[in-house]
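Participant: With the first letter of the sequence shown counted as 1, position 25 gets the number 87 in the numbering used here; the numbers rise by one all the way through. Cβ atoms here follow ideal geometry from the backbone N, Cα and C, with glycine treated the same way. In this text, all values refer to a predicted model and were calculated from it rather than measured experimentally.
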Amino acid sequence: MQNSNIKVIAVFIILLCQLKSFGGSLDIGKIGFGARAIALGRSQVAAQDISSIYMCPANAAQISNVELVSMYSKFTEEVIYNYLGLGIPMLEGKLGGIGVAYLSTGVTSINNTALDNSGHPYVVSSFDQSNKMLILSAGGKINSFFSSGVSIKFFTKSFEGINRGSANGFDADLGFIFNPNERGFIGLSAQNILPIDFGSLAWGSGATEDTPASLRIGGKFGLKENLALLFDLDSEGVHSGVEWHPTKPLAIRGGFERMSDINSFSIGAGLELMGVSFDYAYSISSSFYEASTHYFSLGLKAPYRNFEVRPIAPAQEKEPQFSLIDAGFEN
């Protein structure tokens, strides 16, 4: 590793610590980007797929095809979670890539209740609650070993039916990826790094809500050509996963998370054929069984084409045809 690269990362971490302290975040992106990541215990910093861009934007440097991925899930039969991501290579991936993602969660018909004179509850009003986030990411290679990237995130929170019950804000993420070889990747992601004066949510009531910064490090290590281990570490806990390909199109996955005193286990599988991928994950919480959830992802990948311009061969003149009739030898 070159000394200049080490200095860049060291200065990067020091500046982040001066901006604001690291801590937990209320980002809805913490739920996870895609069923593959959730099946791997949400170990996504160095997962090397389109959805990992939004956990660590340096992964955008690895985009080589136009890709589209979506995910749908429903929590405890009430909360709906949707995710849609798009990755586009720049100059066939020579300049890295860009990504756009949209996430939303929502709960409808939440009752606001009160007690009548007899002590019985009754519904005073109802409202809907939603969280939305738009992410714009870009990443490129610094050299053959290092990649970097940046994401700008726009947040919206709202309580429909409540006066001045909406908020808007934005923040930014930075990320680095170090890949010493084809099977090893180590990533560093700093999320919500803008100072409080810039990176916060402003409510219609005039109140502001901070989006605490967090630092996350992760890795991916290929033990064999068809077997890889992944891990992430952050202030909230440990995320780990294993991915095995019994055949090239099929992937079997398992993951484990420990966040505070809560353990979560996940399993899943993926299948990719002719540029179309389907991923499934099931996450189980040891402390809150009702939070166990199914996740479904569908992805599309455009085939890579190397367009080659070939010169057009000059037209060849046809040789004149000679026959006995033309020469006057007809009987």
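Quick one: is Asp296 buried, meaning 16 or more other Cβ sit within 10 Å of its Cβ, or exposed?
Facilitator: Answer is buried; the Cβ neighbour count reaches 16.
Participant: By how many angstroms is the C-alpha of Leu177 removed from the C-alpha of Gly299?
Facilitator: Going by the C-alpha atoms only, they are around 41 angstroms apart.
Participant: Quick one: give me the first and last residue of the beta strand (DSSP E) that Ile214 is part of.
Facilitator: Ile214 -> beta strand (DSSP E) spans 208–222.
Participant: Using a beta-carbon distance below 8 angstroms, is Pro311 in contact with chain D?
Facilitator: Although the question refers to chain D, the structure presented lacks it and comprises just one protein chain.
Participant: I'd like to check one pair, Gly149 with Glu129: are the Cβ atoms closer than 8 angstroms?
Facilitator: Yes, the Cβ-Cβ distance between Glu129 and Gly149 is below 8 angstroms.
Participant: Since Gly103 contacts Glu319 with CB under 8 angstroms, what's their CB separation in whole angstroms?
Facilitator: Indeed, because the Cβ distance is near 5 angstroms, the residues count as touching under 8 angstroms.
Participant: Using the Cα positions of Ser278 and Gly161, report the straight-line distance between them to the nearest angstrom.
Facilitator: A small fix is needed here, since residue 278 is Arg in this sequence, not Ser. Their backbone Cα atoms lie some 20 angstroms apart in a straight line.
Participant: Please state the DSSP three-state secondary structure of Gln253.
Facilitator: Strand, per DSSP.
Participant: Near Ile93, which residues of its chain fall below 7 angstroms by C-beta distance, leaving aside the five closest residues on each side in sequence?
Facilitator: Excluding positions up to five away in sequence, the list reads Tyr143.
Participant: May I have a chain-ordered list of the beta strand (DSSP E) segments no shorter than 3 residues that lie completely inside the region 123–169?
Facilitator: Those beta strand (DSSP E) runs which fall completely within the region 123–169 and span 3+ residues are 129–137, 141–151.
Participant: Near Ala120, which residues of its chain fall below 7 angstroms by C-beta distance, leaving aside the five closest residues on each side in sequence?
Facilitator: Closer than 7 angstroms at Cβ, skipping near neighbours: Gly201, Ser209, Ser210, Gly211, Gly237, Phe238, Ile239, Gly249.
Participant: How many whole angstroms separate the CB atoms of Ser235 and Ile255, which I take to be in contact at a CB cut-off of 8 angstroms?
Facilitator: This sequence places Asp at residue 235; Ser is not what is there. Rounded, the Cβ-Cβ distance is 7 angstroms, consistent with contact.
Participant: So, helix, strand or coil for Arg104, using DSSP?
Facilitator: Coil, per DSSP.
Participant: For Ser166, collect the residues of the same chain with a Cβ closer than 6 angstroms to its Cβ; drop the 5 residues on either side in sequence, then sort them by chain order.
Facilitator: Contacts found: Asn144, Lys194.
Participant: Could you compute how far the alpha carbon of Pro274 sits from the alpha carbon of Phe216?
Facilitator: Between Pro274 and Phe216, the C-alpha separation is close to 15 angstroms.
Participant: Which class does Ser228 belong to by DSSP, given the choice of helix, strand or coil?
Facilitator: Here Ser228 sits in strand by DSSP.
Participant: Which residue's Cα is closest to the Cα of Pro151: Ile125, Val141, Ser192, Met133?
Facilitator: Considering only alpha carbons, the answer is Ile125.
Participant: So, are the CB atoms of Gly280 and Phe293 less than 8 angstroms apart?
Facilitator: In this structure, Phe293 lies closer than 8 angstroms to Gly280 by Cβ.
Participant: Determine the contact status of Ala343 and Gly330, defining contact as a CB-CB distance below 8 angstroms.
Facilitator: In contact: Ala343 and Gly330 (Cβ atoms closer than 8 angstroms).
Participant: Leaving out five residues on either side along the sequence, give the residues of the same chain with a beta carbon under 7 angstroms from the beta carbon of His307.
Facilitator: Closer than 7 angstroms at Cβ, skipping near neighbours: Asn288, Ala313.
Participant: Going by beta carbon distance, what residues of the same chain come within less than 8 angstroms of Ser354, once the five residues before and after it are set aside?
Facilitator: Result list for Ser354: Tyr344, Ser345, Ile346, Ser347, in chain order.
Participant: Going straight from the alpha carbon of Asn67 to that of Gly91, what length do you get?
Facilitator: With a pLDDT of only 45 at Asn67, under the threshold of 50, the placement of this residue in the model should not be trusted; the figure read from the coordinates follows. Using only the alpha carbons, I get a separation of about 29 angstroms.
Participant: Quick one: what does DSSP say Ala234 is sitting in, helix, strand or coil?
Facilitator: Strand at Ala234.
Participant: Threshold first: 3 residues or longer. Then list the beta strand (DSSP E) segments lying entirely within the region 253–320, N to C.
Facilitator: The region 253–320 contains these whole beta strand (DSSP E) runs: 262–265, 270–272, 276–286, 289–296, 299–306.
Participant: Looking only at its own chain, which residues have a Cβ that is under 8 angstroms from the Cβ of Pro183, when we skip the five neighbours before and after it?
Facilitator: Thr175, Ala176, Leu177.
Participant: Going straight from the alpha carbon of Leu153 to that of Pro365, what length do you get?
Facilitator: Cα to Cα, the separation comes out at about 15 angstroms.
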